[in-house]
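Taking it in order: structure first as C-alpha cells, then the write-up.
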Ligand code: AMP
Ligand code: ZN
C-alpha cells in the first residue's frame, strides 16, 4: 500500500523506534505515547483493520498477542499492561493498518473507557 504510513514504516521509508522485528511482525514505539510504555505490534503485510482479517491471518494475530508479554516486560511493564486494537470508525481507528497498542508502565492505568 503506497500511501499507508505503517506500510512505509514496515518498508523503512519512515523512521521508527523499533523494539522488535521478524519476517512477519514489527514492533515500534508510539510517536505519541499515552503511558510510560506504549508501543505497537503490527503485521508488515497491509491489513486495513482487525475487521478485515481472515482465518488466514489467525496465526499472525496469535503471534502478535503472544509476543506482547515478553516485549512489555522488556520495555518496563513487568506487572501487566493493556492491549488495544482500535477498529474502524466506531473503534476510532486513525491509522488504517492493523496494529495492537501495548500500553503500560509501573503504575496501574486509568479506567478502560471514560464514563
Ligand atoms: P489508532 O487510533 O489505533 O489508529 O492509533 C494510531 C496510533 O499511531 C496513534 O497512537 C499515533 O500516535 C500512532 N502513530 C501515528 N504515526 C506514527 C508514527 N509515524 N510512528 C509511530 N506511531 C505513530
Ligand atoms: Zn499498510
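In our numbering, the protein residues as written are 36 to 150. Ideal Cβ positions, reconstructed from N, Cα and C, are used throughout, including at glycine.
Going straight from the alpha carbon of residue 123 to that of residue 113, what length do you get?
Within the chain shown, numbered from 1, the residue matching residue 123 stands at position 88. Within the chain shown, numbered from 1, the residue matching residue 113 stands at position 78. Those two C-alpha atoms are separated by around 30 Å.
Please say whether residue 106 and residue 79 have beta carbons closer to each other than 8 Å?
Counted from its first residue, the chain shown places residue 79 at position 44. Counted from its first residue, the chain shown places residue 106 at position 71. Taking 8 Å as the Cβ cut-off, residue 79 and residue 106 do not qualify as a contacting pair.
Given a threshold of 16 other Cβ atoms within 10 Å of its Cβ, counted over all protein chains shown, does residue 69 qualify as buried or as exposed?
Taking the first residue of the chain shown as 1, we reach residue 69 at position 34. Label assigned to residue 69: exposed.
So which residues put a beta carbon under 5 Å from any heavy atom of the ligand AMP, going in chain order?
65, 66, 67, 121, 128, 129, 130
Residues whose Cβ lies closer than 5 Å to any heavy atom of the ligand ZN, in chain order:
36, 39, 41, 42, 81, 132
DSSP on residue 44, reduced to helix/strand/coil?
In the chain shown, counting from the first residue as 1, residue 44 sits at position 9. If DSSP states are grouped into helix, strand and coil, residue 44 belongs with the helices.
When we look at the beta-carbon of residue 139 and count the other beta-carbons within 10 Å, is it buried (16 or more) or exposed?
To locate residue 139, count along the chain shown from 1; it is residue 104. Residue 139 is buried by the Cβ-count criterion.
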